[in-house]
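Peer 1: Residue numbers (the numbering used here): 24 to 360.
Using N, Cα and C, we set each Cβ at its ideal position, and we do this for glycine too.
Note that the structure is predicted; figures quoted are calculated from it, not measured.
Handing you this structure, nothing more for now.
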Amino acid sequence: MKRAVAIPVLVAVVGVTALVSLTLGRYPVSLSDLAHFLGLPFFGSPALSDRKIQIIKNLLFDIRLPRVSAAMLIGASLSVSGAVFQSMFINPLVSPGLLGVLAGASFGAAVGMILAESWWVVQVSAFFFGLVAVSAALAMSTLNRGERLLMLILGGIISGALFTSLLSVVKYLADPYEQLPAIIYWLMGSLTAVDRTTVFSVCGPMVGAIVILILLSGYLNIMSMGDEEARALGVNVGLLRLGFIFLATVISALTVVLGGIIGWVGLLIPHIARMLVGPDNRILLPSAALIGAAYLLIADNIARLLFSVEIPIGILTSLVGIPFFAFVLRRTKKGSH
């Protein structure tokens, strides 16, 4: 795809996908009804009754709009975070969970479910321990001498393993009839519990962090050439790396706050974006954000409508992501010859 048209085309795709997603569900809302509700004339369709307007209003603002917004935020955040880590670590197999943020957030959510019944406690605990896990990885990397990127990766592996083990302890101690099923369902990833308040509270930080990462994406191009080359060009590698890690960690942790663990998005979507627009992070990051938003919208629609009972979206993204990622790697390998 030509870079000049990539972003406008992807914006249109996300807009159409979001609009269609608002009409889908157990109670269907036609495009003509949606147009009338928005005050737009729709040729040949009757006006809506006051009762139907109220139903559509409640349906859209209380259920579907928060869910559609959450899907777009999660998809965009995981995709951008994955693209940032892949460029920064010069490794296409890196994912947003590299430094342990997802393991830490999972542990935090589980602790919150055991200690309190408030959903806010669960969300705050998930976000806090996600940051703690990455901080632990950074601390361990500074305590060991060696190549900086390698030490960061090893620190992330240790931190992720630690919080995964702690999560197992929490699941063992949880009430097997109420708390344990809730923890397991949360770890599968789902948007069923999303509400307007949560989306509104995390929307600003997530969008702000994504915008900052996109604005700084030119530095990612320089850092992807290696630390020595970046320093030779006058780039403060250590400070920028910490900034990129912090912003990518924040948006990754907030995705867990919204929908639990939704895997493979941050690993798969950057590869698709790279195939479409190339490796230039100035185009890659916004493209990955838009593709990720559209991808998770489609996945959520399938998860809601494929069966009579909604399936967790994390299961669906894993089932789709594994074979599709194998296909992408095969295409990438062929393209390198």
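Where do the ends of the alpha helix (DSSP H) carrying residue 248 lie?
Peer 2: No alpha helix (DSSP H) holds residue 248; DSSP gives it neither H nor E.
Peer 1: The alpha helix (DSSP H) with residue 209 in it runs from where to where?
Peer 2: Counted as a single uninterrupted DSSP element, the alpha helix (DSSP H) harbouring residue 209 occupies residues 202-211.
Peer 1: Any contact of the stretch 81-92 with the stretch 202-219, i.e. 3+ C-beta pairs under 8 Å?
Peer 2: yes
Peer 1: Could you give the first and the last residue of the continuous alpha helix (DSSP H) run that contains residue 157?
Peer 2: 142-166
Peer 1: Where does residue 248 land, buried or exposed, given buried means 16+ other C-beta within 10 angstroms?
Peer 2: It is exposed - the Cβ of residue 248 has fewer than 16 other Cβ atoms within 10 Å.
Peer 1: Please specify which runs of the alpha helix (DSSP H), each continuous and at least 4 residues long, are wholly inside the stretch 282-323, giving them in chain order.
Peer 2: 288-300
Peer 1: Any contact between the stretch 294-313 and the stretch 264-276? By contact I mean 3 or more CB pairs, one from each, below 8 Å.
Peer 2: no
Peer 1: If I measure Cβ to Cβ from residue 303 and keep anything under 7 Å in the same chain, skipping five residues before and after, which residues do I get?
Peer 2: 244
Peer 1: Is the beta carbon of residue 322 closer than 9 Å to that of residue 340?
Peer 2: yes
Peer 1: Could you tell me the alpha carbon to alpha carbon distance between residue 226 and residue 100, rounded to whole angstroms?
Peer 2: 11 Å
Peer 1: Inspect the beta-carbon positions of residue 186 and residue 126 and report whether they are closer than 9 Å.
Peer 2: yes
Peer 1: Residue 190 and residue 157: beta carbons closer than 9 Å?
Peer 2: no
Peer 1: Any beta carbon from chain C within less than 9 Å of residue 265's own beta carbon?
Peer 2: Here chain C cannot be found, since the structure has a single protein chain.
Peer 1: Please classify residue 360 as buried or exposed, where buried requires at least 16 neighbouring CB atoms within 10 angstroms.
Peer 2: Confidence at residue 360 is low in this model, with a pLDDT of 48, below 50, so its placement is unreliable and the value that follows should be read with caution. Flag for residue 360 reads exposed.
Peer 1: Are the CB atoms of residue 149 and residue 276 nearer to each other than 9 Å?
Peer 2: yes
Peer 1: To the nearest angstrom, how far is it from the Cα of residue 96 to the Cα of residue 229?
Peer 2: Each residue's Cα considered, the two are about 7 Å apart.
Peer 1: Taking the Cβ atom as the reference point for each residue, do residue 348 and residue 299 lie within a distance shorter than 9 Å?
Peer 2: no
Peer 1: Tell me whether the stretch 253-265 and the stretch 124-143 touch, counting them as touching only if at least three CB pairs, one residue from each stretch, are closer than 8 Å.
Peer 2: With a cut-off of 8 Å on Cβ pairs, the stretch 253-265 is not in contact with the stretch 124-143, counting fewer than three such pairs.
Peer 1: Does the Cβ of residue 367 have 16 or more other Cβ atoms within 10 Å, making it buried, or fewer, making it exposed?
Peer 2: Any property of residue 367 remains undetermined from this structure, which presents the chain solely from 24 to 360.
Peer 1: Entirely within the stretch 77-144 and at least 4 residues each: give me those alpha helix (DSSP H) ranges in chain order.
Peer 2: 88-111, 124-138
Peer 1: Could you name the residues of the same chain whose beta carbon sits closer than 6 Å to that of residue 175, not counting the 5 residues immediately before and after it, in chain order?
Peer 2: 164
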